[in-house]
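*Asks:*
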Amino acid sequence: MRHRAPATAGFSLIELLAVIVILSILAAFLVPRLAGMGEATKASLTQAQLTVLESAIKEYEHDTGDFPPSAWRDEWGGQPNAVNLGAEALYVTLWSDSWGGTSLKEDELVNTDGDQSRKPLTTLGSRELFELRDAWDNPIAYFHRRDYDRGDLYLTIDPETGDEYEETVKARQSEKTKSPHNPRTFQLISAGPNGMFGDEDDITNFKTD
């Protein structure tokens, strides 16, 4: 006498719905944290980029006796605009024919305001006035100590929406002492994950209060 094997029980509709609900809850819990891990990684990469850039600036100072300027020089010709000024002056100096000693990578350059010089000023040959970028493809603001009192206009792009922001950026000072950070050298400032300068997610080459 043959015995029929018992049929394998399948998921009921209620069980499937329960699984979907559980997966939805897990997704809602994990996705923001995974996204946050991505931002944390970019923040770490930007901090490392500032360290490399800081070394290049100090190497320039060691060779020439002063840090790169954060103001436009007359010998460069007419200044196209006043946007991203310190960052562009830093780029022109570090990639200049007269020095050309930087080990920075060309793929770390961006040109958010799309401007050009009237003549080639760097070893790259292009007339584009690039800026050193952070991990969100926004310019890293640069201030020589001589220009700590100056406000510079910077153009950044929101990494999520693509919206452009123009804002005035100044060198930072200590909330405690009211004196500028790095008073004898220079400041590097990234706008951080939100692409806007002046708030808590900014990344710098100095410790804030």
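In terms of my numbering, the sequence shown opens at residue 533 and continues consecutively.
We treat Cβ as the ideally placed atom computed from N, Cα and C, and that holds for glycine.
Predicted model, so just to flag it, every value in this text is computed and none were measured.
Determine the closest residue to T655 out of D734, E638, R716, N714, with distance taken between C-alpha atoms.
*Replies:* The residue with the shortest Cα to Cα distance from T655 is E638.
*Asks:* Measuring alpha carbon to alpha carbon, tell me which residue in E696, S649, S658, A619 is nearest I589.
*Replies:* Ranking E696, S649, S658, A619 by Cα distance to I589 puts A619 first.
*Asks:* Run through the DSSP bridge pairs and tell me what A673 is partnered with.
*Replies:* BP columns for A673 point to I721.
*Asks:* For G597, which of Y623, A580, W631 has the nearest alpha-carbon?
*Replies:* Of the candidates Y623, A580, W631, the one whose C-alpha sits nearest the C-alpha of G597 is W631.
*Asks:* Would you check if there are 3 or more beta carbon pairs closer than 8 Å linking the stretch 658 to 665 to the stretch 689 to 697?
*Replies:* As far as the Cβ criterion goes, the stretch 658 to 665 does not touch the stretch 689 to 697, which means the pair count is below three.
*Asks:* Verify whether the separation of the beta carbon atoms of D666 and P612 is less than 8 Å.
*Replies:* Against a cut-off of 8 Å, the Cβ pair of P612 and D666 comes out as no contact.
*Asks:* Could you give the distance in angstroms between the alpha-carbon of R677 and the alpha-carbon of L653?
*Replies:* Each residue's Cα considered, the two are about 24 Å apart.
*Asks:* Considering only the alpha carbon of each residue, which of L664, D629, A621 lies closest to L641?
*Replies:* Looking at the Cα atoms, L664 is the closest of the given residues.
*Asks:* Taking only the alpha-carbon atoms, compute the straight-line gap between D681 and G694 and give it to the nearest angstrom.
*Replies:* Looking at the two C-alpha atoms, the distance is approximately 30 Å.
*Asks:* Answer with buried or exposed for G609, where buried requires no fewer than 16 other C-beta atoms within 10 angstroms of its C-beta.
*Replies:* G609 should be labelled exposed.
*Asks:* Measuring only the C-alpha atoms, how far is R716 from K651?
*Replies:* Each residue's Cα considered, the two are about 32 Å apart.
*Asks:* DSSP three-state call for E620: helix, strand or coil?
*Replies:* Reduced to three states, the DSSP call for E620 is helix.
*Asks:* Can you tell me whether D606 is buried or exposed, with buried defined as 16 or more other CB within 10 angstroms of its CB?
*Replies:* Label assigned to D606: exposed.
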